[in-house]
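For reference, the structure discussed in these notes is given below.
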C-alpha cells in the first residue's frame with residue numbers, strides 16, 4: 003500500500019513550498035487509509051466513510067478511524083513541518099530563526115506557552131461547524 007509514497011521528503015525542508023509539503027503529506031496519509039490517489043483529505047474521508055457505511059450489516063465506523071478534515075490536516079502538517087525543521091537544524095551552528103506562530107501555533111504571552119491553533123480566527127465556531135458538515139453534502 004505505501005510502496006510508492008513511503009516517505010515525505012519535503013517535511014522539515016524550510017525551502018519547500020508549504021502547499022507542496024501538504025500535497026506530499028496528503029498522498030502519504032491517503033495511502034495509509036487505502037486511498038493513494040486522493041488529492042484532498044476530506045474527499046478521501048468521505049470516500050472511506052461511504053465505503054465503510056455502505057457495507058450491509060456493518061456497524062457504523064468510529065469517527066476516530068477516519069482521516070481528519072482537510073483544514074485540520076493542513077494545520078497539523080504546518081505544526082509537524084516546523085518541528086521537523088527545528089530538529090533538522092538542532093546541531094547547526096547558525097540555525098534559521100523560525101516563528102512557530104507562522105505554523106499554526108499560538109503564543110500565550112501570560113503563561114509563555116505555545117498552543118496549537120485549532121480554529122481559524124476568521125471563522126466563528128458555528129461557521130466552522132457548518133463548514134465541517136457541508137463537505138459531506140457538497141461532494
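Numbering (the numbering used here), first residue to last: 3 to 141.
Just so you know, even glycine gets a beta-carbon here, dropped at the ideal spot from N, CA and C.
Keep in mind it's a predicted model, so treat the numbers as computed, not measured.
Beta-bridge pairing by DSSP links residue 110 to 115. Between the alpha carbons of residue 108 and residue 116 lies a gap of roughly 6 angstroms. It is roughly 15 angstroms from the alpha-carbon of residue 46 to the alpha-carbon of residue 56.
Taking 8 angstroms as the cut-off, the Cβ atoms of residue 44 and residue 71 count as close. In terms of Cα proximity to residue 16, the closest of 114, 90, 112, 36 is 90.
Boundaries of the alpha helix (DSSP H) harbouring residue 52: 43-55, taken from the DSSP string. DSSP, read as helix, strand or coil, puts residue 88 in helix. In the DSSP assignment, residue 64 falls outside any alpha helix (DSSP H), carrying neither H nor E.
Taking 8 angstroms as the cut-off, the Cβ atoms of residue 79 and residue 119 do not count as close.
Put simply, the backbone Cα of residue 86 is about 20 angstroms away from that of residue 34.
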